[in-house]
Amino acid sequence: MLLQETFRKLHEMKLLGIAQGLEEQLQNPTSQDLAFEERIGLLVDHEHTHREARRLKRLLAKAKLRENACLENMDYRTNRGLDKGLIASLAMGAWIEQGANLIITGPTGGGKTWIACALGNQMCRQGKSVIFQRLSLLLEEFGMSHADGTFRQKLAQLAKVDLLILDDLGISTLSPINRSDLLEVIEQRTGRGSTLITSQMPVERWHDYLSGGNPTVADAILDRLVSGSYRIDIKGESMRKKNPAKS
């Protein structure tokens, strides 16, 4: 009866890791041989692990990463021009703390989105908030948010996230409103969070793409987004031919 009440209180206080650990100790006779301090330590470890797992699950659900990718599965064997040292450095997450940006360019199927999602997954593991957005769809959402008056609210949400991944810049034509909205996103995030951009288009062609007759907007976006950013330029043939799971 006493144990049932203890379990009830543990669940009521949402100490589910401790409850699970206690149940395992009760089912394992060897646990009785451990010192009191050791048993308490194991229960605390259970609770810590449980909470970390829940936090990661919550962060990944919010991130909505397009690919189920992790850096441990990165393919360095092919002639892709990947700098293993740079990837390892990015995996540490210091660039997020600095508010630096990352640009990943390369041909269709080269693995840009996969690498972006792998880095997003890694940042979630470190407890950082991440949001993945296909840029063309985000700009469509902004169009609707202008109509219903939620544009500023959506901007504020994106400004708070530690890492914003904008996938496939250059895939669709930008309207003047699209350019203005993109500038607002970058402006709101400058100095507050990191932005990761993937694009088939070389950075040298971004100014023409972003200007559309208004070079001032293109200058403003590139100054905030590209200046001081980290770069990954992927080479080689499509990874889809080798592994359909990677994009």
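Heads up: the sequence shown begins at 62 in the working numbering, then just goes up one per residue.
Where is the CB? At the ideal position from N, CA and C, for every residue including glycine.
Note that the structure is a prediction, hence the values are computed from the model and not measured.
Just so you know, the alpha carbons of residue 297 and residue 168 end up roughly 8 Å apart.
Looking only at 251, 214 and 257, the smallest Cα-Cα distance to residue 228 is reached by 257.
Look at the beta carbons and you see the segment 88 to 106 not touching the segment 146 to 157: under three pairs across the two are nearer than 8 Å.
If the five residues before and after residue 223 are omitted, its C-beta is found closer than 6 Å to the C-beta atoms of 157, 189, 190 and 254, all from its own chain and listed in chain order.
Exclusion of the five residues before and after residue 260 leaves 166, 230 and 231 as the residues of its chain whose Cβ lies within less than 6 Å of its Cβ.
Shown here, residue 272 sits in a helix according to DSSP, grouped into three states. Burial state of residue 285 is buried, judged by a 10 Å Cβ sphere holding 16 or more other Cβ atoms.
According to the DSSP assignment, residue 229 belongs to no alpha helix (DSSP H) but to the beta strand (DSSP E) extending over 224 to 230. Selection 200, 217 and 138 evaluated against residue 233 yields 200 as nearest (Cα-Cα). The residue among 283, 275 and 122 with its C-alpha nearest the C-alpha of residue 265 is 283.
Leaving aside the five residues that flank residue 270 on each side, the residues in its chain whose CB is nearer than 7 Å to its CB run, in chain order, 231 and 262.
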